[in-house]
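Since the structure comes first, as structure tokens, the remarks are kept for the end.
In UniProt numbering, the protein residues as written are 1 to 715.
Structural data, given as structure tokens:
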């Protein structure tokens with residue numbers, strides 16, 4: 001097993017991503033040429049039936065060109081010059097080469113990223129625990145370790161990693177908590193905290209522990225680490241064709257076979273007039289009729305789609321996942337961290353009738369002075385904005401928050417007590433001290449219900465003087481802030497026909513308020529892992545494709561069930577194994593971008609398929625009249641481009657057929673510009689821009705090429 005060395009303060013992925021994001025250049029074509037020549041191997045070409053057929057035609061035409069000077073002219077056949085035959089042969093080979101070039105350039109981007117990753121890999125030493133006992137004393141583990149190379153680690157081994165050491169392999173922290181530098185993977189220089197027993201326990205081989213000491217259980221076999229998978233994925237070695245891509249390939253192959261039959265029948269038909277077209281002309285006609293443009297670019301489009309995800313620090317485990325993202329119709333998103341910022345902030349102190357606002361403010365602030373949570377800090381900040389002065393010392397004992405009590409506070413040395421927390425918990429505490437009064441509790445219930453209905457979280461504050469019943473002062477309104485622009489993004493998704501569902505553990509009132517503010521279509525409140533899985537299955541039973549994000553072990557079943565499951569890199573190994581994508585930045589909102597990239601892939605494929613088919617229509621008007629104008633003079637009326645001669649018309653069509661592939665390579669790699677539109681509007685736009693453009697472009701291109709070819713003697 002090997003790991004990443006720690007770069008100066010950057011990421012191998014981030015560095016290579018910068019290069020991938022540069023504008024398309026001629027230099028990329030030049031670098032892709034060696035790979036394009038290697039792909040001329042028939043064992044490689046047969047995977048692309050359309051271009052394999054072109055290669056056969058190029059080889060056949062080359063053989064004819066070599067043999068033509070030594071063969072007598074066939075009686076009854078259209079004479080073709082040696083220069084014409086060689087010209088057709090050369091441009092057919094260029095057509096195949098340009099098709100290979102498109103795929104080679106697309107793969108080259110991934111291979112550059114993989115090379116950067118490989119350059120940073122190295123073997124490191126690991127402190128493997130000899131006989132790990134989960135119930136043993138963690139402090140004694142260092143005495144029972146042995147130094148081994150990371151390549152010798154096996155699945156299930158336990159290692160100890162201390163501050164300054166590289167983590168020797170992928171795994172889960174089973175003991176301890178540490179600050180870890182993951183910049184080698186994510187490009188983010190800020191350290192992150194990883195700890196045992198939660199959803200942030202996964203660590204990646206090659207990252208560095210900056211503080212403390214952790215015990216890690218290895219969860220990957222040698223050669224199957226996250227980095228190894230990254231390398232295979234970004235270089236395209238493990239890319240498999242998607243079902244839609246396979247189906248389109250079959251369609252293109254079927255069309256090619258049909259056109260082979262059509263072209264073969266043209267010989268006997270023309271033979272009745274003693275003007276059988278030469279084999280070079282027949283091959284040229286076949287190549288111009290079959291959908292060579294999309295056949296040449298289809299693979300490059302798929303590779304580029306995965307590359308665009310890598311540029312955004314997302315690894316797709318298969319091309320099928322990228323394609324599925326484009327077909328997603330239901331988007332499931334967690335509220336916290338995705339739709340909202342996640343850290344609720346105090347926005348208002350609401351005192352009960354007869355209670356001084358200052359008393360509530362000061363009591364809430366004093367109980368939060370030692371509260372390390374963002375919510376507690378926000379309470380102190382709001383109180384200070386309203387005039388509270390933080391005391392230099394507090395003579396009292398802090399009462400920490402626990403899941404059992406659901407409240408925190410402070411017990412002063414003089415016997416005074418302050419509690420703040422969930423309404424039911426503080427109310428129960430107050431009643432236990434002797435507090436009574438239905439009016440008081442009714443008013444408190446109205447306040448908490450109102451805050452809950454607004455999507456906030458109410459924290460009740462109560463004070464108890466020595467030897468007295470507690471007094472409930474009021475409520476702190478904690479507001480969950482919806483991220484800016486989320487409503488607009490959800491509106492765009494709705495325009496695309498995507499249904500958004502917010503998943504939250506909040507109560508239905510709070511969930512409803514946040515859902516309305518954010519603009520999601522539906523919500524699932526008080527959600528459990530079983531609820532998520534059931535919702536996904538229900539959506540899929542209705543014929544919908546579902547995408548979701550997750551980071552915990554309890555999310556693994558839902559991630560595995562979803563058509564697009566995006567696991568956070570900060571999550572557990574189980575989550576990353578279950579999903580078919582991994583977000584290295586662990587940004588849940590990136591799910592929206594992933595869907596957009598998937599749709600861009602489908603739109604690009606559809607647009608270029610439309611262009612390719614429309615392209616062929618125009619080429620009919622160039623070649624068919626030229627082939628049979630001598631036999632059927634009436635076909636001259638179809639020579640609407642006014643091409644110079646039959647030879648120049650045929651050669652110009654073949655040249656255009658090759659050049660258009662190179663022209664479209666940048667579009668195939670960058671993708672058609674994505675706009676959040678409905679399927680019908682996207683279809684209409686493609687037909688107008690790429691359908692009509694595919695018809696017009698050949699007329700212009702072939703005519704311009706014909707003007708140049710006409711200047712060559714013999715044409």
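In this text, a Cβ means the ideal position worked out from N, Cα and C, and glycines have one as well.
Query                                                                                                                                                             : Result
Report the residue from 606, 30 and 670 whose alpha carbon sits nearest the alpha carbon of residue 685.                                                          : 606
Take every Cβ of the segment 61-68, pair it with every Cβ of the segment 95-110, and state whether three or more of those distances are shorter than 8 Å.         : no
Please name the residue, chosen from 474, 389 and 167, that lies closest to residue 430 on a Cα-to-Cα basis.                                                      : 474
Using a Cβ-Cβ cutoff of less than 7 Å, which residues in the same chain neighbour residue 350 once the five nearest sequence positions on both sides are dropped? : 447, 474, 475 and 477
In the DSSP assignment, what are the bridge partners of residue 334?                                                                                              : 503
Roughly how many whole angstroms lie between the Cα atoms of residue 712 and residue 58?                                                                          : 22 Å
Using beta carbons (cut-off 8 Å, strictly below), is residue 358 in contact with chain C?                                                                         : The displayed structure is made up of one protein chain only, and chain C is not part of it.
How would you label residue 646, buried or exposed, when you count the other beta carbons within 10 angstroms and need 16 or more for buried?                     : buried
In the DSSP assignment, find the unbroken alpha helix (DSSP H) run with residue 717 in it and report its ends.                                                    : Lying before the first or after the last residue shown, residue 717 is absent from the chain, which here runs from 1 to 715.
Who pairs with residue 172 in a beta bridge, going by DSSP?                                                                                                       : 202 and 217
For residue 354, does the count of other Cβ atoms within 10 angstroms reach 16, so buried, or fall short, so exposed?                                             : exposed
Given a cut-off of 8 Å, decide if residue 216 and residue 173 are closer than it, judged by their beta-carbon atoms.                                              : yes
Pull up the distance between the alpha-carbon of residue 724 and that of residue 566, whole angstroms please.                                                     : Residue 724 lies beyond the range of the chain shown here (1 to 715); nothing can be said about it.
In terms of residue numbering, what span does the beta strand (DSSP E) encompassing residue 128 cover?                                                            : 125-129
According to DSSP, is residue 367 part of a helix, a strand, or is it coil?                                                                                       : helix
Can you tell me whether residue 23 is buried or exposed? The criterion is at least 16 other CB atoms within 10 Å of its CB, across all chains shown.              : Confidence at residue 23 is low in this model, with a pLDDT of 43, below 50, so the placement of that residue is unreliable and no value is reported for it.
Where residue 420 and residue 149 are concerned, what is the direct C-alpha to C-alpha distance, given to the nearest angstrom?                                   : 52 Å
Can you give me the Cβ contacts of residue 125 inside the same chain, cut-off strictly under 8 Å, excluding the 5 residues immediately before and after it?       : 147, 148, 149, 150 and 168
Among all the DSSP beta bridges, which residues are the ones paired with residue 180?                                                                             : 192 and 209
With distances taken between CB atoms, is the gap from residue 749 to residue 162 smaller than 8 Å?                                                               : This structure gives no information on residue 749, because the portion of the chain shown stretches from 1 to 715.
Along the chain, which unbroken stretches of the alpha helix (DSSP H) at least 4 residues long are found entirely within the segment 386-469?                     : 423-432 and 438-453
Grouping DSSP H, G and I as helix and E and B as strand, with all else coil, what is residue 348?                                                                 : strand
Would you mind stating whether residue 512 and residue 312 have Cβ atoms separated by less than 8 Å?                                                              : no
Once you ignore the five residues that flank residue 344 on each side, which residues in its own chain have a CB closer than 6 Å to its CB?                       : 375, 457, 478 and 480
Are the Cβ atoms of residue 394 and residue 410 separated by less than 8 Å?                                                                                       : yes
Check whether the Cβ of residue 369 lies closer than 7 Å to any heavy atom of the ligand GDP, and answer yes or no.                                               : Of ligands this structure carries none, so the ligand GDP is not represented either.
Ignore the nearest five residues each way along the sequence and tell me which others in residue 290's own chain have a CB closer than 7 Å to its CB.             : 50, 53, 255, 256 and 259
Note down the Cα distance separating residue 696 from residue 333, rounded to an integer number of angstroms.                                                     : 44 Å
Measuring only the C-alpha atoms, how far is residue 504 from residue 600?                                                                                        : 30 Å
Can you name, in chain order, every residue of its own chain whose Cβ lies under 6 Å from the Cβ of residue 470, other than the five neighbours on each side?     : 430, 433, 435, 462 and 464
Around the C-beta of residue 348, are 16 or more other C-beta atoms found within 10 angstroms, so that it is buried, or is it exposed?                            : exposed
Which of helix, strand or coil does DSSP assign to residue 693?                                                                                                   : helix
In whole angstroms, what separates the C-alpha of residue 218 from that of residue 195?                                                                           : 15 Å
Sort 612, 33 and 428 by Cα distance to residue 293 and report the nearest one.                                                                                    : 612
I need the boundaries of the beta strand (DSSP E) containing residue 662, first residue and last residue.                                                         : Here residue 662 belongs to no beta strand (DSSP E); instead the alpha helix (DSSP H) covers 646-670.
Rounded to whole angstroms, how far is the Cβ of residue 638 from the Cβ of residue 624, which I believe are closer than 8 Å?                                     : 7 Å
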